[in-house]
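Protein chains in written order, with the numbering used here: chain A, 32 to 192; chain B, 92 to 754.
#1: Can you pull the chain B neighbours of residue 147(A), defined as C-beta to C-beta under 8 Å?
#2: Are the Cβ atoms of residue 371(B) and residue 281(B) separated by less than 8 Å?
#3: Could one say the Cβ of residue 55(A) lies closer than 8 Å to chain E's Cβ atoms, at least one of them?
#4: By the DSSP assignment, the beta strand (DSSP E) with residue 129(B) in it spans what residues?
#5: Sorted by chain position, which residues of the same chain lie with C-beta nearer than 8 Å to residue 323(B)'s C-beta, five sequence neighbours on each side aside?
#6: Determine, using beta-carbon pairs with one atom in the stretch 492-505 of chain B and one in the stretch 605-625 of chain B, whether at least three such pairs fall under 8 Å.
#7: Can you give the Cα-Cα distance for residue 687(B) and residue 704(B), rounded to whole angstroms?
#8: With a cut-off of 8 Å on the beta carbons, I'd call residue 553(B) and residue 522(B) a contact; round off their distance for me.
#9: Looking at the strands, I want to know which residues DSSP matches up with residue 627(B).
#10: Quick check for students: name the residue ranges of the alpha helix (DSSP H) that lie wholly in the stretch 39-105 of chain A, counting only runs of 4 or more.
#11: Starting from residue 337(B), trace the alpha helix (DSSP H) both ways and give me its first and last residue.
#12: Assign residue 710(B) to one of three DSSP states: helix, strand, or coil.
#13: Beta-carbon of residue 210(A) versus every beta-carbon of chain B: anything under 8 Å?
#14: Indicate whether the contact test is met: 3 or more Cβ pairs, each with one atom in the stretch 305-313 of chain B and one in the stretch 239-252 of chain B, closer than 8 Å.
#15: Round the Cβ separation of residue 366(B) and residue 295(B) to the nearest angstrom and send it over; I've been treating them as touching at under 8 Å.
#16: Pairs of beta-carbons, one from the stretch 343-357 of chain B and one from the stretch 444-464 of chain B, closer than 8 Å: are there three or more?
#17: Decide if the stretch 263-283 of chain B is in contact with the stretch 337-347 of chain B; the criterion is three or more beta carbon pairs, one per stretch, under 8 Å apart.
#18: Using a Cβ-Cβ cut-off of 8 Å, state whether residue 186(B) counts as contacting chain A.
#19: Ends of the alpha helix (DSSP H) at residue 439(B)?
#20: Would you list, in chain order, the members of the stretch 223-245 of chain B that have their beta-carbon closer than 9 Å to a beta-carbon of chain A?
#21: Please decide whether residue 125(A) counts as near chain B, where near means a Cβ-Cβ distance under 8 Å.
#22: Any beta carbon of chain B sitting closer than 8 Å to that of residue 137(A)?
#23: I'd like the list of long-range same chain contacts for residue 96(A), defined as Cβ closer than 6 Å, with 5 residues on each side in sequence excluded.
#24: Which residue wins for smallest C-alpha separation from residue 63(A), given the options 594(B), 556(B), 480(B)?
#25: Give me the subset of the stretch 471-483 of chain B whose CB atoms are less than 9 Å from a CB atom of chain A, sorted by chain position.
#26: According to DSSP, what are the bridge partners of residue 109(A)?
#27: Express the C-alpha separation of residue 368(B) and residue 420(B) in angstroms, rounding to a whole number.
#28: Strictly below 7 Å CB to CB, what residues from chain A border residue 613(B)?
#29: Anything in chain B within Cβ reach of residue 232(A), meaning under 9 Å, just list it in chain order.
#30: How far does the alpha helix (DSSP H) with residue 230(B) in it reach, from first residue to last?
#31: Are three or more beta carbon pairs between the stretch 123-141 of chain A and the stretch 333-341 of chain B nearer than 8 Å?
#32: Inspect the beta-carbon positions of residue 646(B) and residue 630(B) and report whether they are closer than 8 Å.
#33: Which same chain residues, not among the five before or five after residue 355(B), have their C-beta less than 7 Å away from its C-beta?
#34: If you run the structure through DSSP and keep just helix, strand and coil, what is residue 145(A)?
#35: Using 10 angstroms around the beta-carbon of residue 670(B), count the other beta-carbons present and answer buried if the total reaches 16, otherwise exposed.
#36: For the candidate residues 511(B), 527(B), 144(B), whose alpha-carbon lies nearest to that of residue 603(B)?
This is the structure in structure tokens:
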């Protein structure tokens, strides 16, 4: 093989690899991407039952209830405009609390209950995932929330300087 | 007073860096020895000044000087000493000081140990290194000054995020940064080589040890972070494809590719443009990681800062460093003299294929990490790209990599006989087939990918050992002869074998832990028993325990095997009163085949009832063992006489390269 031919081999192998990777990624993007919605959006969007989404908002005060000897948890996720009932079986994250930000991943069951198979109240400093903060800002409840959180010391009064 | 001294030292370091970034570069262009000579003392001076500044900041943390804003927001007088010290880098400002400290450390290491580097190359490398330093010092002084005072000083601090109060995590940032920032020196070498228009075997000899050092530290840093996530977050998982994990993984992938392509430049004086390109990419990925983690665009334990001006500043730095270097590469790259030729089937060919696969993998991780940010920026909705995506894309790229990896070391340089190499791997192939079948037989209910995965791990692991055996002609030569050869195996060869073997062990661990994990969640009270993977976990109740700065609920599990007590596990759920935050401390007992992993959750219903999670995490210890092998491999290779930092002179290297080319 002449030098040019040899180099061409590798260029072709490289391009082939990139093409395969691109193909893999496109299919994976289609199948494995999970959209994030606030309760208001879930109400507005008419999700197909079974479609995987992430639902984010605040755990509604006084809505947490446990059944099944504590293994199954029922709670409501709210953006102060709408709220969605959520069912989850499993151990809740350390930072799960009423009145605080949460992201639940799962699907909407027929009847409007959200079946979560993962609940994240990630290790966020301010107990407030940014998606949730954005959703609250959209529903016009952010200022109210921020004040309440500052008062209760969940976020420092000088945050966002 | 001491804080002001630290602040002052930092500003002085900036000025030294400005001088170091200008004078030697001009001197190198004008071949003025006196101007070039500025680089070395300036680099050492910079290290001393930043070191002094870092020392002052540490002093403030150790003495709990709450008149400093960062100390007050991130420390607390009741914290154990280890976490007072690790608190220095457990926040945005301090971690950036650590960043530039390590930057200066690498710069002065080149200044001190690079005695026989040509003056021009050394001056340019140190000049570029100083320019990076200028950018980050400006960033610290203008947007994230750690020495800001707070009046009046509070009585006590707000404390460090309890999740970060952990020995594994105390050393994770320094190790990670030594890796991340270590690529800066390789980048500086690459830019200097481009400016000189001279990238040759000698250049690669100087660059390789630095790449190797950075890679080893990065491996250790990622390993520590992953280990921490495994035992501290209480989910029983060790890798989440979280964007911040990806931010450290991308430079690792690019750095691994660089490590291998630099070998080709050194031994065969070819693939030069590609290697320079990879050096730029590896450091660009580090900068991108720093941007992602520090700018607050991602939510995580790492996102200390949510100040947008900081994000913009780092973004500008990133664009300058990446854009500038790629522009230079486009301009000067074509002028690099092409090197020796090789057949597609050869050592060079295998290494190039390894490079193509690794860079493709890095590109995939990059796109998957940035895609949600793009969508969000275009207001096209919020999405998460999680483990399913990465598993679907990353794993198919890794499989051919591992297949080729076992064959590569058997191929000679320039032109190889593939059939011959494969025939030497016949035995390994049969063995991995048997391992796969054995796995299938024992774990018939498990997923199919695990069968293939274990087969691949055996293929790679035994392949690495067989390569070493072939090197010493084990069983082919008399035993004494083999022993004599064993003593003469260079350390870099040991390093390669250890690292490749480590990867095999790691692959086995990854496959096992994701395929055969057993998880049980239940409410338990004292005397309740749960059976997991042949072990009986008996819950013996829980009680309150007082820690230095926390209160814990400590559960006691007696693990029984065949009715006999095997081990006692004591998981805790801690509350840190200062922050009002709970953390989970899993109790883990490692066995050869996997980890027994117990977590205690909230009290539930009647008193004495707790939610508990019991896992059997198969082969997880193999993951840590694999990473350790890789680190040992890196260190062994680094200790090779021929790799000793700055040891070779250009003339001698040129002679060896010429000899290698003839051979």
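Ideal Cβ placement from N, Cα and C applies to all residues, glycine included.
Working from what's here:
#1: Here the premise fails: no neighbours, minimum Cβ distance about 14 Å.
#2: yes
#3: Going by chain labels, chain E is absent from the structure shown, which instead holds the protein chains A and B.
#4: Per DSSP, residue 129(B) belongs to no beta strand (DSSP E) and is neither H nor E.
#5: Scanning its chain for C-beta atoms nearer than 8 Å, with the 5 sequence neighbours on each side dropped, one finds around residue 323(B) the residues 254, 257, 259, 260, 674, 675, 676, 677, in chain order.
#6: no
#7: 11 Å
#8: 5 Å
#9: According to DSSP, which records beta bridges pairwise, residue 627(B) is partnered with 622(B), 651(B).
#10: Entirely contained in the stretch 39-105 of chain A, the alpha helix (DSSP H) runs reaching 4 residues are, in chain order, 70-76.
#11: 334-359
#12: Looking at residue 710(B) - three-state DSSP - the assignment turns out to be coil, as it is neither helix nor strand.
#13: Outside the displayed range of chain A (32 to 192) lies residue 210(A), so it cannot be described from this structure.
#14: no
#15: 7 Å
#16: yes
#17: yes
#18: no
#19: 438-468
#20: Those would be none; no residue qualifies.
#21: yes
#22: False, the Cβ-Cβ gap to chain B never drops below 8 Å.
#23: 105
#24: 480(B)
#25: 472, 473, 474, 475, 476, 477, 478, 479, 480, 481, 482, 483
#26: 89(A), 114(A)
#27: 7 Å
#28: When 7 Å is used as the limit between beta carbons, residue 613(B) is near these residues of chain A: 102, in chain order.
#29: Shown here, chain A extends from 32 to 192; a query on residue 232(A) therefore has no answer.
#30: 210-234
#31: no
#32: yes
#33: Excluding residues within five positions, the ones whose Cβ falls inside 7 Å are 361, 362, 439, 442.
#34: DSSP places residue 145(A) in strand when its eight states are reduced to three.
#35: Answer is buried; the Cβ neighbour count reaches 16.
#36: 527(B)
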